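Enquirer: Have a look at the structure that comes next, please.
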Amino acid sequence: MLDRNDPAYRDMVYLCSHFPKSNGIIANTFEEHKPHAVLKAIDGGLCVSDALTPPVYYIGSLIAEEKESGDSAEIEDYRLENSGQRFLWVVKKPPLDEKTNQVQGVNDFDLKGLLPEGFLERTKDRGLVVKSWAPQVAVLKKESVGGFVTHCGWNSVLEVVIAGVQMVA
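In terms of our numbering, the sequence shown opens at residue 5 and continues consecutively.
In structure tokens:
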């Protein structure tokens with residue numbers, strides 16, 4: 005619960021009051037995780053009393069599940085693909101190669117080797133996967149971006165301020 009006198013409370017009320025202006029809300033959770041009453045409130049439009057609640061898209065965790073028979077470093081399962089949502093995914097370069105003990109260059113790794121077979125082809129019309137870096141300020145300035153969920157790292161906060169979008173921590 006937020007203290008109603010806390011500026012964060014006012015910010016949250018402001019952010020939530022703008023939900024009806026969006027085309028949808030992407031939630032990094034899954035429907036089965038939410039209590040029935042919460043889902044009923046969201047789906048029934050009770051979250052914003054004077055407007056319709058936009059559709060909520062639950063994309064589930066984006067963390068790959070570790071399979072018993074597979075290598076834990078191998079990425080096998082992407083809920084992002086199954087969500088059907090548009091996305092921009094920045095993939096960090098792989099860690100040191102254990103055999104050569106050398107770091108691969110920023111552009112020296114093959115995305116197809118890291119992703120499930122056919123992932124790039126199946127998602128090419130609604131997703132973009134880039135290696136190691138994306139122009140975050142340019143992305144944040146896109147009209148379709150209504151806010152940014154941040155871990156409050158200094159660079160992220162600066163980029164959000166420069167782009168002029170709301171942030172939620």
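Don't be surprised by glycine CBs; every beta carbon is placed ideally from N, CA and C.
Only a predicted model underlies this, so the values are computations on that prediction, with no experimental measurement involved.
How many whole angstroms separate the CB atoms of A45 and L92, which I take to be in contact at a CB cut-off of 8 Å?
Expert: Translated into positions along the sequence shown, residue 45 becomes position 41. Translated into positions along the sequence shown, residue 92 becomes position 88. Rounded, the Cβ-Cβ distance is 30 Å, inconsistent with contact.
Enquirer: Provide the residue(s) that pair with K135 in DSSP beta bridges, ordered along the chain.
Expert: Position 131 of the sequence shown, counted from the start, is the residue given in the question as residue 135. Partner(s): V95.
Enquirer: Using only the alpha-carbon positions, how far apart do R143 and I30 sit?
Expert: Counted from its first residue, the sequence shown places residue 143 at position 139. Counted from its first residue, the sequence shown places residue 30 at position 26. As written in the sequence, residue 143 is Val, which differs from the Arg given in the question. Each residue's Cα considered, the two are about 17 Å apart.
Enquirer: Should the stretch 117-131 be called in touch with the stretch 160-169, which here means at least 3 C-beta pairs below 8 Å?
Expert: As far as the Cβ criterion goes, the stretch 117-131 does not touch the stretch 160-169, which means the pair count is below three.
Enquirer: Ignore the nearest five residues each way along the sequence and tell me which others in E121's own chain have a CB closer than 8 Å to its CB.
Expert: Within the sequence shown, the letter at position 117 stands for residue 121. No residues qualify anywhere along the chain.
Enquirer: Could you tell me whether the Cβ atoms of V172 and L56 are closer together than 8 Å?
Expert: One-based indexing of the sequence shown puts residue 172 at position 168. One-based indexing of the sequence shown puts residue 56 at position 52. Their beta carbons are not under 8 Å apart, which means V172 does not touch L56 by this criterion.
Enquirer: Would you please state the rounded distance, in angstroms, between the beta carbons of A167 and V134? I believe it to be under 8 Å.
Expert: The residue given as residue 167 occupies position 163 in the sequence shown. The residue given as residue 134 occupies position 130 in the sequence shown. Between V134 and A167 the Cβ distance is about 18 Å, and since that is not below 8 Å, they are no contact.
Enquirer: What first and last residue would you give for the beta strand (DSSP E) that runs through F152?
Expert: Here residue 152 refers to the residue found at position 148 of the sequence shown. G151 to V153 is the span of the beta strand (DSSP E), which, as asked, contains F152.
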